[in-house]
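Below is one structure; the comments refer to it alone.
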Amino acid sequence: NAGVMQNPRHLVRRRGQEARLRCSPMKGHSHVYWYRQLPEEGLKFMVYLQKENIIDESGMPKERFSAEFPKEGPSILRIQQVVRGDSAAYFCASSLSPGQGAPLHFGNGTRLTVT
Amino acid sequence: DQQVKQNSPSLSVQEGRISILNCDYTNSMFDYFLWYKKYPAEGPTFLISISSIKDKNEDGRFTVFLNKSAKHLSLHIVPSQPGDSAVYFCAAGVQGGSEKLVFGKGTKLTVNP
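One line per chain: the protein sequences are A and B, in this order.
For the working numbering, count along the first sequence from 1 and bump the result up by 90.
For the working numbering, count along the second sequence from 1 and bump the result up by 34.
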């Protein structure tokens, strides 16, 4: 998993607070994906971004969740007014050449706990 | 609706024996498939992949078999080693698209010494 950096590794928020998760892709990768893993579940796609563009957000909840990947800096997944059901592991992945069947490279995730 | 299914939540094998992990899919649009390995508190690590134009791909101790007519793939690990103990995720995608992968729920493999 070297290369895709996520922080923080662990994040605790009270209900109603905001959570910000950061992801720096592998060097040279300009395509970022966010996945969420609920307990005992597989990884669920949330959003796919390129620099300054959201390409596919079909997996994002319609409310409270947003993502960005600015020209400079890491990609941010933002969850407003968190609820207990948001507790999960959030994984970021990056890719060099989407559409070519190349594997995604994942970070070690941010474990969000909502109390 | 689960497009990628791993029906065995867990599998236990003896060191040196073969481990066979299975995966079924329902979406006939999928044309490439991947296996990821995941240790606790880490992200998934890519293991091996296969395109739908092939029915087998091998990399060292790992072999993936694809049966398109049955919409089934399997991962064979031989010989199994204790360090292979992890959760294995099957994933599928459509080439030429966004590389959005659909994952199964995973199979926890335990290799006993």
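Here a beta-carbon is modelled for each residue, glycine too, at the ideal position from N, C-alpha and C.
No experiment lies behind these values; they were computed from the predicted model shown.
Going by DSSP, Gln140 of chain A is part of the beta strand (DSSP E) stretching over Leu133 to Gln140. Contact between the segment 104-118 of chain B and the segment 186-205 of chain A is absent: fewer than three C-beta pairs spanning the two stretches fall below 8 Å.
Among the residues facing chain B, Asp176 of chain A is not included, as its CB has no counterpart in that chain under 8 Å away.
When A:Lys117, A:Met95 and A:Gln127 are compared, the shortest CA-CA separation from Thr203 of chain A is found for A:Gln127. Among the residues facing chain A, Ser132 of chain B is included, as its CB has a counterpart in that chain under 8 Å away.
In this structure, DSSP gives Asp65 of chain B a state outside helix and strand, which the three-state scheme calls coil.
Secondary structure at Gly117 of chain B: helix, using DSSP grouped into helix, strand and coil.
Pairing Gly197 of chain A with Cys182 of chain A gives a Cβ-Cβ distance under 8 Å. For Glu92 of chain B, the uninterrupted beta strand (DSSP E) segment begins and ends at Lys90 to Asp93. Interface flag for Lys139 of chain B against chain A is set, since a Cβ pair is found closer than 8 Å.
Nearest Cα to Ile169 of chain A within the set A:Pro151, A:Ser184, A:Lys161 and A:Pro160: A:Pro151.
Note that the C-beta distance between Ser165 of chain A and His121 of chain A is not below 8 Å. For a Cβ distance threshold of 9 Å, residue set Ala75, Glu76 and Gly77 of chain B lies close to Asn198 of chain A, ordered along the chain.
Relative to the Cα of Glu131 of chain A, the nearest Cα in the group B:Gln36, B:Ser86 and B:Ser119 belongs to B:Gln36. When DSSP states are grouped into helix, strand and coil, Gly175 of chain A belongs to the helix group. Taking CB atoms only, Tyr180 of chain A has no neighbour in chain B less than 8 Å away. For the pair Tyr59 of chain B and Ala126 of chain B, the CB atoms are nearer than the 8 Å cut-off. The beta-carbon separation of Gln96 of chain A and Thr200 of chain A, rounded to 5 Å, stays under the 8 Å limit for a contact.
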